[in-house]
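Data first, discussion second: the structure below is written as structure tokens.
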Amino acid sequence: MSLIAFDFDGTLSDSEMTVLLGERAGVADEMARITQRAMNDEIGYAESLRERAGLLEGLSPPATQAAFEEVRLRPGMGGLLDRLAADHHVAILTGGFERGVAAALDVVDTNVDTIVANRLPTDNGTLTGSVDGPLVEGTKDDALADLTGEIGADDTVAVGDGANDLPMLEHAGLAVGYDPKPAVAPACDTVVESVDGLTAELSAAGLL
């Protein structure tokens, strides 16, 4: 049995949860500036995530729920996850948020074996502006290694696109970049740009 670990935002989904939440809160422009600073290596991932979460302080329960309900898997991705889950342990390792992942999976009636994600704490349903979870300071290579040991996987596959995916891509036996950022592509064994391309690569690897 293989462990196949996916990033979420930008990989399984073309949605960006913080952007959807930021639009509901009217702070999308401020979020974009923080994201740009992180992309320029001016601030680290954890700091950028905390700053973006801070902008969401006071977002109401209906607005928060509406944003999470907009999160979607890429067309065809749910079926691919189902096929993989028949023979392998499928995990989602994301700096995004549990509620958004769960909402997207529910829409297509798909389940995975493990979700490692962050959370946006609330006070009576209203966002507090804080963020917590295993992938604020923690890195995806540690999460991948821990999960590999827990389930006794024979080998590991990681699929991701962004800088915070680099640790797990470098740790995995097979690293697949899904339309990866330029700085990420060199760390990938193979690069795909569509669900069909990903399906073909995983089939070629004997995983389907």
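When the letters of the sequence shown are read in order and numbered with the numbering used here, they come out as residues 31 to 238.
Every residue, glycine too, gets a C-beta built ideally from N, C-alpha and C.
Note that the coordinates shown come from a computational prediction; the quantities given were computed from them, not determined experimentally.
Could you tell me the boundaries of the alpha helix (DSSP H) in which Val137 lies?
Per DSSP, Val137 is one residue of the alpha helix (DSSP H) stretching across Glu128 to Val137.
Would you call Ser224 buried or exposed, if buried means 16 or more other Cβ atoms sit within 10 Å of its Cβ?
exposed
Where DSSP assigns a beta bridge to Arg149, which residues make up the other side?
Asp162
How long is the line joining the alpha carbons of Ala93 and Glu87, rounded to whole angstroms?
12 Å
In whole angstroms, give me the CA-to-CA distance for Val206 and Pro151.
32 Å
Quick check on Phe36: does DSSP put it in helix, strand or coil?
strand
Give the list of continuous alpha helix (DSSP H) stretches no shorter than 4 residues that lie fully inside the segment 63-115.
75-84, 91-99 and 107-115
In the DSSP assignment, what residue or residues form a beta bridge with His119?
His119 pairs with Leu33.
Where do the N-terminal and C-terminal ends of the alpha helix (DSSP H) with Ala173 fall, by residue?
That run of the alpha helix (DSSP H) goes Lys170 to Ile181.
How is the alpha helix (DSSP H) around Thr229 delimited, first residue to last?
Going by DSSP, Thr229 is part of the alpha helix (DSSP H) stretching over Val225 to Ala234.
Should the segment 161-177 be regarded as contacting the segment 204-220, the criterion being three or more beta carbon pairs within less than 8 Å?
no
Helix, strand or coil for Val214, going by three-state DSSP, please let me know.
coil
If you draw a straight line from the C-alpha of Asp195 to the C-alpha of Glu46, how long is it?
Each residue's Cα considered, the two are about 15 Å apart.
Test item: CB-CB of Ile145 and Val131 under 7 Å
yes
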